[in-house]
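Asker: Taking the working numbering, the leading residue of the sequence shown gets 258, the next gets one more, and so forth.
Built from N, CA and C at the ideal position, the CB exists for glycine as well.
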Amino acid sequence: MASRTSGWTGALIALIGALASCGSEDLFLLGSDERDIGNDARARITAGDQRLDAAIVVGDLDGDGVADAIVVAHYREGGPTLGQELVQLYVVYGGDLTGDIDVAALPTLLAGPFGPYMQVTPVGDVDGDGFADVLLAHCASGCGSRDPSAPDDTRHTGAFLLYGRPARLTGASWLPAVAARLRDPDPCPIPGIAAVGLGDIDGDGKHDFAIGSGKNAFVFYGRSDRLSGTVDLQAVADASLDLYTCGYPEPGDIVAAGDVDGDGRDDFVAAGSACDGTQFRGLVRGSAVRLAGTHTVGEIASTRFVGDALCPWNAAVPLGDLDGDGKADLAMFSCSNLTGYDYVFLYHLFYGRSGGFPATVDLGAADATIRGSSILSLSGLVMDSADLDGNGSREVIFGDDTVAGSDGAVYVLYGRGTRWSGNVDLGRTATVYRGGSHDGLGAAISVGDVTGDGRADLLVTAPSQRAEAPTLGVRGSSDSKVYVVSPAMAPRR
């Protein structure tokens with residue numbers, strides 16, 4: 258999964274570079290490697306008066322064998338020009354999704370004052386009951402203004418843990434009533450909240466996760482006993498990582514990596530900084546011996562990935578097993594600042610290795626380097642992978658909502674069954690999905706089989722920049738949409 262929200266990103270979010278284009282949907286014809294996402298989509302999720310920020314595939318919540326998704330939306334309380342901006346969540350249960358799907362007809366999770374931004378993070382089956390679970394992390398609010406009317410509880414970051422269950426949600430549900438809340442006891446932490454599913458890092462059959470809040474990232478191992486009510490996040494955590502020892506954490510500081518060394522336990526990557534200011538990415542290998550106490554990244558990392566141009570915003574991106582050797586692969590990022598907020602990005606692809614990596618690995622030693630052809634803004638891009646066409650090889654998928662001003666695009670680098678090597682030019686190699694004028698296509702992408710045909714589907718969010726406040730109060734409200742695309746049903750040209 259991958260998505261971008263204002264100021265911070267999820268367990269799964271990364272910055273990438275992509276090919277720029279010019280004009281709008283009325284000014285160019287599709288090339289042989291380009292597709293109109295509106296024509297190829299089998300379904301569209303829409304909202305009449307809300308901005309859709311992301312649709313995230315979260316796994317099989319109800320145990321019917323088909324993956325489900327959660328849509329994050331924003332609305333303004335009391336109408337377009339009144340009240341505060343609030344978040345609302347919609348559950349899309351997988352099945353034969355076709356045509357237009359209005360969020361008003363979907364089960365709703367009411368977040369109330371918790372927000373105004375919420376991160377949806379799939380965490381797998383943390384209690385071992387066979388149902389997927391999901392974290393819904395929320396930031397603190399009212400911290401800057403110290404608004405005396407703001408509820409004190411909203412000044413605390415936290416994450417709601419929604420457990421999967423056979424009975425589907427229906428109608429509207431108050432989120433604190435259907436999910437446990439892990440609450441940081443410290444008010445207004447900086448840099449806020451972030452959550453990530455870690456996979457099964459201790460090999461006990463239950464999935465683990467981490468929640469970053471303030472100075473630390475707190476690690477939670479899966480447990481059979483379900484949490485309930487509101488619990489102290491720091492008190493129930495099994496371990497913590499000190500991210501402030503020699504540096505300042507950024508969104509995406511910890512990400513799952515999958516089983517990169519083939520030992521049967523999942524690994525993760527965390528961003529670290531040496532006290533001389535040198536950045537590195539620490540690969541922490543899974544172990545049957547659980548983490549306990551507080552550690553720095555440098556203390557527990559088996560490998561440090563280093564490079565002068567390491568991007569400070571994201572630790573890495575997990576890509577699954579691209580080459581079919583049974584080990585997970587991942588990408589690291591380097592970036593060059595040109596002017597202001599414009600950067601050029603390179604994506605360094607590392608294939609998993611039996612026994613793990615050496616103690617130190619330079620980005621220059623990557624197995625392949627994917628490069629975009631354009632200069633692009635830091636406003637945010639996303640990356641994911643899945644086998645979209647059902648041929649047994651995973652595709653690498655990139656979203657860039659800044660293409661052609663704000664039209665946006667999604668790039669699909671189709672798997673070949675062999676390893677990529679050398680320099681890979683994304684602009685020359687990928688198939689491109691394009692949207693409409695000012696759609697912001699690719700602001701979020703997520704993958705999973707939500708249609709039940711046994712092949713991964715692609716969910717692409719287009720928040721839209723067409724309608725601005727004060728007309729609707731929330732920029733892009735009226736034209737927001739999420740496209741559900743089954744690439745196996747839309748053959749490549």
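Counting only the same chain and skipping the five closest in sequence on each side, list residues whose C-beta sits under 7 Å from that of residue 573.
Answerer: Result list for residue 573: 512, 514, 526, 538, 587, 588 and 589, in chain order.
Asker: Buried or exposed for residue 485, please, with buried defined as at least 16 other CB atoms from any protein chain shown within 10 angstroms of its CB.
Answerer: With fewer than 16 other Cβ atoms within 10 Å, it is exposed.
Asker: When the Cβ atoms of the stretch 317 to 331 are set against those of the stretch 339 to 354, are three or more pairs found closer than 8 Å?
Answerer: With a cut-off of 8 Å, the stretch 339 to 354 and the stretch 317 to 331 count as touching, because enough Cβ pairs lie within range.
Asker: Output yes or no for whether 8 Å exceeds the beta carbon distance between residue 319 and residue 425.
Answerer: Yes, they are a contact pair.
Asker: In three-state DSSP terms, what is residue 436?
Answerer: Residue 436 falls in the coil class under three-state DSSP.
Asker: Which first and last residues belong to the alpha helix (DSSP H) in which residue 488 is found?
Answerer: Where residue 488 is concerned, there is no enclosing alpha helix (DSSP H), although the beta strand (DSSP E) it sits in stretches over 487 to 489.
Asker: With residue 422 as the anchor, note down where its alpha helix (DSSP H) starts and where it stops.
Answerer: From DSSP, residue 422 is part of no alpha helix (DSSP H); its letter is neither H nor E.
Asker: DSSP puts residue 395 in a beta bridge; with which residues?
Answerer: According to DSSP, residue 395 bridges with 375 and 415.
Asker: Please state whether DSSP places residue 571 in a helix, a strand or coil.
Answerer: Reduced to three states, the DSSP call for residue 571 is coil.
Asker: Entirely within the stretch 498 to 545 and at least 3 residues each: give me those beta strand (DSSP E) ranges in chain order.
Answerer: Listed in chain order, they are 511 to 515, 524 to 530 and 536 to 541.
Asker: Out of 740, 304 and 437, which one is the CA nearest neighbour of residue 493?
Answerer: Comparing Cα positions, the closest option is 437.
Asker: If you reduce the DSSP assignment to three classes, tell me which class residue 493 lands in.
Answerer: It is helical.
Asker: Please state the DSSP three-state secondary structure of residue 387.
Answerer: Note: residue 387 maps to coil in three-state DSSP.
Asker: Taking just the CA atoms, how far does residue 398 sit from residue 413?
Answerer: Using only the alpha carbons, I get a separation of about 8 Å.
Asker: Which one or two residues does DSSP pair with residue 593 in a beta bridge?
Answerer: Paired residue(s): 601.
Asker: With 16 as the cutoff for other CB atoms within 10 Å, does residue 740 come out buried or exposed?
Answerer: By the 10 Å Cβ count, residue 740 comes out buried.
Asker: Using DSSP with H/G/I as helix, E/B as strand and the rest coil, what is residue 361?
Answerer: Helix, per DSSP.
Asker: Less than 8 Å between C-beta atoms, sequence neighbours within five positions excluded: which residues of the same chain meet that for residue 496?
Answerer: The answer, listed in chain order, is 475, 476, 547, 548, 549, 550, 551 and 552.
Asker: If we count the other Cβ atoms within 10 Å of its Cβ and call it buried at 16 or more, is residue 483 buried or exposed?
Answerer: Its Cβ having fewer than 16 others within 10 Å, residue 483 is exposed.
Asker: Evaluate the contact criterion for the stretch 384 to 391 versus the stretch 414 to 421: three or more CB pairs, one atom per stretch, below 8 Å.
Answerer: Cβ pair count under 8 Å is three or more, so yes.
Asker: Do you know offhand how far residue 471's Cα is from residue 449's?
Answerer: Between residue 471 and residue 449, the C-alpha separation is close to 6 Å.
Asker: Suppose you measure from the CA of residue 373 to the CA of residue 713; what does that come to, to the nearest Å?
Answerer: Spanning the two alpha carbons is a distance of roughly 31 Å.
Asker: Please state the DSSP three-state secondary structure of residue 648.
Answerer: Coil.
Asker: Excluding the 5 residues flanking residue 671 on each side, which residues of the same chain have their C-beta closer than 6 Å to its C-beta?
Answerer: Correct list, in chain order: 652.
Asker: In angstroms, rounded to a whole number, what distance separates the CA positions of residue 321 and residue 628?
Answerer: One C-alpha to the other measures close to 40 Å.
Asker: Please list the terminal residues of the continuous beta strand (DSSP E) segment that includes residue 667.
Answerer: Taken as a continuous stretch (DSSP letters only), the beta strand (DSSP E) holding residue 667 covers 666 to 670.
Asker: Considering Cα atoms alone, identify which of 442, 428 and 616 is closest to residue 410.
Answerer: Closest by alpha carbon: 442.
Asker: Taking just the CA atoms, how far does residue 621 sit from residue 705?
Answerer: If you take the alpha carbons of residue 705 and residue 621, they lie about 32 Å apart.
Asker: Give every residue of the same chain whose Cβ lies closer than 7 Å to the Cβ of residue 583, excluding the five residues on either side of it in the sequence, and list them in chain order.
Answerer: So the list reads 519, once near-sequence residues are dropped.
Asker: So, helix, strand or coil for residue 410, using DSSP?
Answerer: Note: residue 410 maps to helix in three-state DSSP.
Asker: Take residue 591 as the anchor and find which of 578, 609, 571 and 581 has the nearest alpha-carbon.
Answerer: Comparing Cα-Cα distances from residue 591 to each of 578, 609, 571 and 581, the minimum goes to 571.
Asker: Would DSSP call residue 450 helix, strand or coil?
Answerer: Note: residue 450 maps to strand in three-state DSSP.
Asker: List the endpoints of the continuous alpha helix (DSSP H) containing residue 686.
Answerer: Taken as a continuous stretch (DSSP letters only), the alpha helix (DSSP H) holding residue 686 covers 683 to 686.
Asker: Does DSSP put residue 619 in a helix, a strand or coil?
Answerer: It is a strand residue.
Asker: Note down the Cα distance separating residue 386 from residue 686, rounded to an integer number of angstroms.
Answerer: The alpha-carbon atoms of residue 386 and residue 686 are separated by roughly 42 Å.
Asker: For residue 317, count the other beta carbons within 10 Å of its own beta carbon; 16 or more makes it buried, fewer makes it exposed. Which is it?
Answerer: With 16 or more other Cβ atoms within 10 Å, it is buried.
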